[in-house]
Amino acid sequence: MTDQELLQAIRAITREEMKPLKEEIEEIKEDLSEVRTGVNMLISWSEKVSMAATFPLPDIDD
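Following my numbering, the numbering of the sequence shown begins with 3 at its first residue and continues without gaps.
Below is the structure:
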């Protein structure tokens, strides 16, 4: 077997072994996108709540 044939065989094996990792990375990217969307929604909600909390409400104990 020549060096070129050996390199081609190594590349083929490496590609086959990398396929599951690439699929897993794509799944992680999708999950991360969902998490990012959720976090952004929570940040937006917390900003609205913090603005409402600083709104001066009348004291009803008088």
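Note that beta-carbon positions come from the ideal geometry of N, C-alpha and C, so glycine has one too. The structure displayed is predicted, hence computed values, not measured ones.
query	result
DSSP on residue 62, reduced to helix/strand/coil?	coil
Please report how far the alpha carbon of residue 51 lies from the alpha carbon of residue 42, in whole angstroms.	14 Å
Taking just the CA atoms, how far does residue 20 sit from residue 26?	10 Å
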